[in-house]
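Just so you know, the sequences run in chain order A and B. The numbering of the first sequence is this note's numbering, which starts it at 48 and goes up by one. The numbering of the second sequence is this note's numbering, which starts it at -5 and goes up by one. Here the structure is laid out as structure tokens; the discussion comes afterwards.
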Amino acid sequence: MSLTGIGKCRKSEKYSNEKGCGMKNIVFFFLILVLAIQPAAAQVQEEFKPEDMTTFMIQVPHGVEGSGLAVGGSNLSAYLFFESYYDGNMNVTMELDLPEGFVLQDTSVYSFSLQTEYEDWYRLVDFYVPANLSSGTYNITATAVVEVGGNKHTIVRKTRLKVASKEEIAEEIEISGLTVPSDEDGYGDPSHPSSTLVVRENSPALKKLLKVTDLRIDREELTSTYIGVELTNKGDSTVPVIITYDVLDIKTGEPVKAFKPAIMGMNSDTLCYATLTLSPGSSSLVSLPLYISEDAMGGEYLLRVKVKLTGSDWVAVTQDQKITAISRKWGPIIITLVSSLLGLTTVSLFFSRSKEIMDRFKTRNLVLISLFGTVSFAAINLPMTILWELSHAVFGPFSFLFTGLFYEILLYMLIASLVVLIPKPGVVSLFMMVRFLLGGFITGSFTPITFITLSLSAVLLEVMMYTAGITSKNPNPENRFRMGIVCGIADMVSGYASFSVWMVLYRLFYSDWYIMANILIDGFLYTFIGAWFGISLGNRLKKVAE
Amino acid sequence: MIGARSIAEPTIKDTIIHRMDPRAKILVLISTAFIAVTLDNPETTFLLFLIVLSGFALARMPAIKIKTLTLLLVLLIWGTIYSQALFYSQLPRTVIFTIIQPDFPVLGWLTNGGLFVYEEGLRHGAIQGLRSASILSLGLLMCWTTDSRDMLNGLVGLRVPYSVAFMVVTAVRFLPIIITEVVTVVTVQRLRGFNPKRFGPGIVKTSLNILTPTLSNCVRRTGTLAVSIQSRAFRANPDRTYLKKLKFSELDKAMVTACIFAAISIVIIKLLYNMYTSGIYYTSGLRPVYAIARGYL
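Printed below as a string of structure tokens:
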């Protein structure tokens, strides 16, 4: 190829390129024009189809799809819902048409605009069904006039509301099952006795202790259990209901507050309910939380489950069930358990090492302890066998003010004087043992309570006297104040344990103030006085012994 | 007149109850105590009480003992009824009488809202009183049908250390003497114009005046008694022989076995039932056991 030929060719190529670029620009321009014009053209072309491009719904009462049920005197809400699937502006005018006799409590006509696809509008329209409205099925109509692009389209929705008499409704709804306690879903839990609630303590210290003993008591909140309620709708209308309950005093019928305590400052009525929409011919199970405050008392109660129709305060159905609340006080149970174990351990230890223990005492010591035991029996136990019962019968629980004179002052006089005469560890235990066995043989008082309280009292006195230096290696038993304090504290503790044992083993009740008064007056004051004068008695007897 | 003697002294006869081995009686008493504190069902508790009372008929107790027993039981049950009528803390409870009004100055506050007599508490007290009544009755039946020496032999037979049994023997032996001494001291004081039965602030002085001479005699007696006992080889040998050998009859064995079996069974059943009601332990296999506990125990 010649140079001229090459130059020609390049020129022609440049021309061809310029021409090609011009064509491309034109095609590109048209393409953009087509793309820009196409949606607008399509929009203009789309036809608004009211049924396809909207959702329009009416529920009367709210939550009920299909035919609803109401009783005269109800305040109900009709639920109107409108949603657009049309990508454009629409103006809607909605009108709710209630049958004659119904009292509308809002306006019946609503106008609104929806600007874009998936935008919606809803309203709860309150109305009242008069109490004297005759029973029957009423048609309720909602009409929506939709204006799109200057064109108006009308959509109509109809529903029916059956207004029934109270008797008819009461026959249609039935509580077909009531399970107490139940699980969270309302089903019965066989691991808990039916119709029984357990009232538990809420002490953090106790919870810690129980955790150690592997007795789990999770009480982070007040919820104790659930009530399972099964409802059946025997009618042909959908029924919206509210289920509530009350725990009543079985005798007075008054609600018991301890079973509906305030929760986070709120009345628990705001939490103890369930709503349910019952389809015709169906059954449903709901669970209701049951809250129990720790000060709830044990005993028999009446659980009353109430079913109300939504919108009405009238209780359509009630069902009563007798329930038992068991008040399980773990404090006294643990104290009884510990005291019993302590008593049994001490006796076992004594039996296993009886020779070593008894050899520490001279024969005259044993004889003296026996004789003191006899005196305590003759001066305290024997007269008190009748006087104790008699004073209980006359003074009732306040008899401790009288019996304490014997059981505390006289007894601790003897104990303190015995310790002054024989200041050795084990003296008090042997004295208590002789008293226990003597009481058992003579008056038949081999009771678990006597065993537990005497053994606990003996252990406490021994430990405290030894620790306080009264019966230690260098004994100093003649300090009246120390003796009084030691005996007083030991008797207070054993007195408290004794009440726990009575409450647990004999299922007796005592008020806290009574226990407190008893252990302060009987347990400390009388004991202190007895121990104080027991030192004088012991010193006098010491002179006799010398 | 019901006095200390009618309470303390046994009536020795030849009945089926009297012939029972003292060890068997102690074991039956312990088993019954366990049963009594375990039961909750009022009917069963009452049945237990009736069974115990039937022992008195079998033992052909004299009228004075029956009178004593009746008095003690009435007082015991009434005392329980009284206290429970005031402190009953279960629902429902119906106030039948107000002792302290809630707004009564000081006492109303002190009693934490007043003091009332509750109708349901009376019933509860009567039921719970049966528990103590059963134990007391059986204890008295045991004491009134057994000589104290036999009872102590029974204790030693149940492996209670001899030294302890000896102390109790000593206490029992000296009981009549000391009661007589206490009575003498009281008589002397009354002759001197002092009223030892007057209660009040002078109770401490009264007690000291009674106890000092009584215990002084005890202290004096101790030395003599100790020498006397030691001279008879007390604690000289580890093992002792006894004049009277105790022997369980077939009836004793059957009674003891039945009572211990019943006590263990009832305690276990109630324990399982309480664990179930407290939500501690449940197993479906134990449903019949729970049903028995709930219905009968």
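Each residue gets a CB set at the ideal place from its N, CA and C atoms; glycine is no exception.
What does R125(B) reach in chain A if we use C-beta pairs closer than 7 Å?
-> Result: Y553.
Run the CB neighbour count on Y236(B), radius 10 Å, all protein chains shown included, and call it buried at 16 or more, exposed below.
-> Y236(B) comes out exposed.
Output, in chain order, the set of chain A residues within a Cβ distance shorter than 7 Å of S259(B).
-> The CB of S259(B) never comes closer than 7 Å to any CB in chain A; the least such distance is about 18 Å.
Can you find a CB in chain B that lies within less than 8 Å of the CB of F575(A)?
-> Chain B contact via Cβ: absent.
Pick helix, strand or coil for H200(A), following the three-state DSSP scheme.
-> Three-state result, H200(A): strand.
Going by DSSP, what residues sit across from P16(B) in a beta bridge?
-> Note: P16(B) sits in no beta bridge, so no partner.
Put I11(B) into one of helix, strand or coil per three-state DSSP.
-> Coil at I11(B), not helix or strand.
Which one or two residues does DSSP pair with N186(A) in a beta bridge?
-> According to DSSP, N186(A) bridges with R207(A).
Could you name the residues of the stretch 333 to 358 of chain A whose beta carbon sits closer than 7 Å to any beta carbon of chain B, in the order they occur along the chain?
-> Answer set for the stretch 333 to 358 of chain A: M344, G345, G346, E347, Y348.
Please confirm whether A544(A) and I416(A) have their CB atoms less than 8 Å apart.
-> Result no, Cβ atoms of A544(A) and I416(A) do not sit closer than 8 Å.
On a CA-only basis, which of K298(A), T299(A), D293(A) is nearest K307(A)? Give me that one, please.
-> Considering only alpha carbons, the answer is D293(A).
With contact counted as at least three CB pairs below 8 Å, one residue from each stretch, are the stretch 121 to 133 of chain B and the stretch 59 to 77 of chain B in contact?
-> These segments touch.
Option in E194(A), P146(A), E219(A) with minimal Cα separation from Y185(A) | Cα-wise, what sits closest to Y185(A) is P146(A).
N179(A) by DSSP, collapsed to three states: which one?
-> Residue state for N179(A) is assigned as coil, using DSSP reduced to three classes.
Backbone CA spacing between L66(B) and T410(A) [nearest angstrom] = Using only the alpha carbons, I get a separation of about 38 Å.
According to the Cβ coordinates, are V176(A) and A125(A) closer than 8 Å?
-> No, these two residues do not count as a Cβ contact at 8 Å.
Rounded separation between L265(B) and V551(A) - CA only = A direct Cα-Cα distance of roughly 13 Å separates L265(B) from V551(A).
Which chain A residues are close to F81(B), counting only those with a beta carbon under 8 Å from its beta carbon?
-> In chain order, P444, L555, F556, Y557, S558, Y561 make up the part of chain A whose C-beta sits under 8 Å from the C-beta of F81(B).
Locate the beta strand (DSSP E) running through Q106(A), then write down its first and last residues.
-> Per DSSP, Q106(A) is one residue of the beta strand (DSSP E) stretching across 101 to 106.
For the stretch 130 to 161 of chain B, which segments carrying the beta strand (DSSP E) assignment without a break, of at least 3 residues, lie completely within its bounds, in sequence order?
-> For the stretch 130 to 161 of chain B, not one full-length beta strand (DSSP E) segment reaches 3 residues or more.
Determine the direct distance from the alpha carbon of I462(A) to that of L584(A), and round the result to whole angstroms.
-> Taking the straight line joining both Cα atoms gives about 10 Å.
Host beta strand (DSSP E) of R375(A) (start-end) = Counting along the chain, R375(A) sits inside the beta strand (DSSP E) bounded by residues 362 to 375.
Whole-angstrom distance between A305(A) and T260(A), CA atom to CA atom = Confidence in T260(A) is poor, its pLDDT being 49 and thus under 50, which makes the residue's placement too unreliable to answer from.
Give a yes or no on whether 8 Å exceeds the smallest Cβ distance from F419(A) to chain B.
-> The beta carbon of F419(A) sits closer than 8 Å to some beta carbon of chain B.
Specify whether the stretch 111 to 124 of chain B and the stretch 9 to 26 of chain B touch according to this definition: at least 3 beta carbon pairs, one from each stretch, less than 8 Å apart.
-> Because the criterion of three Cβ pairs below 8 Å is not met, the stretch 111 to 124 of chain B and the stretch 9 to 26 of chain B do not touch.
Relative to the alpha-carbon of I489(A), which residue among P522(A), T285(A), P430(A), F447(A) has its alpha-carbon at the smallest distance?
-> Ranking P522(A), T285(A), P430(A), F447(A) by Cα distance to I489(A) puts P430(A) first.
DSSP three-state call for L127(A): helix, strand or coil?
-> When DSSP states are grouped into helix, strand and coil, L127(A) belongs to the strand group.
Boundaries of the alpha helix (DSSP H) in which L588(A) is found, first to last residue | Bounds of the alpha helix (DSSP H) holding L588(A) are 574 to 592.
Please confirm if A285(B) has its CB atom under 8 Å from at least one CB of chain A.
-> Chain A contact via Cβ: absent.
Proximity to G420(A) [Cα-Cα], best of I94(B), L169(B), N203(B) = The shortest CA-to-CA distance from G420(A) to any of I94(B), L169(B), N203(B) is the one to L169(B).
Using only alpha-carbon positions, find the residue among S374(A), A372(A), Q106(A), S315(A) that is nearest to K209(A).
-> With distances taken between CA atoms, K209(A) lies nearest to Q106(A) out of S374(A), A372(A), Q106(A), S315(A).
What does Y270(B) reach in chain A if we use C-beta pairs closer than 7 Å?
-> Within chain A, P240 have C-beta atoms less than 7 Å from the C-beta of Y270(B), given in sequence order.
Collapsed DSSP secondary structure at A120(B) in the structure displayed | Correct three-state label for A120(B): helix.
Contacts of G102(B) in chain A (Cβ-Cβ under 8 Å) | Listed by position along chain A, the residues whose Cβ is nearer than 8 Å to that of G102(B) form an empty set, because the closest Cβ is around 11 Å away.
Cα-Cα, which of L143(A), Y133(A), T190(A), W560(A) is closest to D167(A)?
-> It is Y133(A).
Buried/exposed call for I90(B), threshold 16 Cβ in 10 Å = Looking at its Cβ environment, which holds fewer than 16 other Cβ atoms inside 10 Å, I90(B) is exposed.
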